[in-house]
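Taking it in order: structure first as structure tokens, then the write-up.
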Amino acid sequence: MEGIIIKGIAGQYHVRVGDQTHTCKARGIFKKKGLKLLVGDRVRIALDDYDQAQGVIEEVHPRQTALIRPPVANVSQAVVVFAIKHPDPNINLLDKLLAICEHNQLEVVICFNKVDLDNEHLVNHYQKVYESAGYKVIATSAKEHVEIESLKSCLNDQISVFAGPSGVGKSSLLNEIQEGIRLEVGGLSEKIGRGKHTTRHSELMVLPCGGMVVDTPGFTAVDITIIELEDLSSCYREFADLVDQCKFNNCRHINEPGCAVKAAVAEGDIYESRYESYLYFIKAIEEHRRYKSW
Ligand code: GDP
Ligand code: ZN
0 MEGIIIKGIA GQYHVRVGDQ THTCKARGIF KKKGLKLLVG DRVRIALDDY DQAQGVIEEV
60 HPRQTALIRP PVANVSQAVV VFAIKHPDPN INLLDKLLAI CEHNQLEVVI CFNKVDLDNE
120 HLVNHYQKVY ESAGYKVIAT SAKEHVEIES LKSCLNDQIS VFAGPSGVGK SSLLNEIQEG
180 IRLEVGGLSE KIGRGKHTTR HSELMVLPCG GMVVDTPGFT AVDITIIELE DLSSCYREFA
240 DLVDQCKFNN CRHINEPGCA VKAAVAEGDI YESRYESYLY FIKAIEEHRR YKSW
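Heads up: the sequence shown at position 209 corresponds to 208 in numbering that gives the first Met the number 0, and the numbers run straight through without jumps.
In structure tokens:
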């Protein structure tokens, strides 16, 4: 039987197979080999003859991806959430998260939340910028249940992680998506309720609408310098098709002549703000390199 580990505590793993959950132990061989099982791992299990709710994990399939924080395997998609207001979107951070997602080969859905506060329709501009960059963008309100169905349909068949700064409505959106699970909105009682020494284990929530979601936000501390200088342009979706047209094949798209990316910025095909964040990250990565080589 093939399933996915959705929860693991003290050597007990909850493995989801279809719409059933089985409690499994891992074979001793995993420990011997030093192989740590992760939530999200795809596994083969054998059920107990006498109790079908119990089983043993016999084999782990190779991981497609492995997030470190939270430690979850096979995450396929990031839902990058920003509020349109309160707090204002931090575009630099948004572009950084997007680049990191590309670097990790994750599908991306960008979600601008709190549209109920958006009297000036600011979201239209952001929607244009990021759709033209090649992203799926949805404008939600967790408070007024706007576009929650669209969000749900994006989660189908994926293992998704929610990312974005605190206060933007990630927990509220997760609550909207799944009735029954109640995450702490505001995050306050979570911090108080949990003792200093209790470790928080991430779990996968199985959604009634299909798909699974990591119950803790990922990419909380992102560092752009994990991306190599030469790879950054491929982490900007709208640059990727153009770079072959640059005059120099080692073009960094800064001030080289015959640069197709700069030309596209001048033409208005690439938004200034995207190009500016690119330059900003190039500098950050260069500085990091210089520092390392001292
Ligand atoms: P998180 O830190 O990203 O998980 O954000 P929370 O879900 O804890 O929400 C932070 C605050 O924003 C809470 O006070 C929520 O009630 C509020 N909030 C969340 N979604 C919306 C929304 O769509 N509209 C409005 N007006 N407030 C929201
Ligand atoms: Zn170029």
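Think of the CB as a built atom: it goes at the ideal place given N, C-alpha and C, for glycine as much as any other residue.
Model, not experiment: these values are computed from the prediction.
Asked: V136 - DSSP class collapsed to helix/strand/coil; Found: strand
Asked: Residue span of the beta strand (DSSP E) that contains Y295, given as start and end; Found: Residue 295 lies beyond the range of the chain shown here (0 to 293); nothing can be said about it.
Asked: Which of helix, strand or coil DSSP assigns to E146; Found: coil
Asked: Any non-hydrogen atom of the ligand ZN within 6 Å of C250 CB; Found: yes
Asked: Assigned exposure category for Q11 - 16 Cβ within 10 Å defines buried; Found: exposed
Asked: First through last residue of the beta strand (DSSP E) which encompasses F111; Found: E106 to N112
Asked: Proximal residues to C245 (C-beta, below 8 Å), its chain only, five neighbours per side dropped; Found: H252, E255, G257, C258, A259 and V260
Asked: Closer than 6 Å: S171 CB and nearest the ligand GDP heavy atom; Found: yes
Asked: Cβ contact check for the region 207 to 220 and the region 263 to 277: 3 or more pairs under 8 Å; Found: no
Asked: For L36, the three-state DSSP class (helix, strand or coil); Found: coil
Asked: 7 Å Cβ cutoff met for I3 and R41; Found: yes
Asked: Anticipated Cβ contact below 8 Å, T64 with A77, distance rounded; Found: T64 to A77, Cβ: 11 Å. No contact.
Asked: Reduced DSSP secondary structure (H/G/I, E/B, other) of I294; Found: A question about residue 294 goes unanswered here, because the residues of the chain that appear run from 0 up to 293.
Asked: DSSP three-state assignment for R289, whether helix, strand or coil; Found: helix
Asked: V167 CB to nearest heavy atom of the ligand GDP below 6 Å; Found: yes
Asked: Assigned exposure category for E175 - 16 Cβ within 10 Å defines buried; Found: buried
Asked: Euclidean distance between Cα positions of L96 and E286; Found: 20 Å
Asked: Proximity winner among A9, G17, K6 and I8, relative to P207 (alpha-carbon distances); Found: G17
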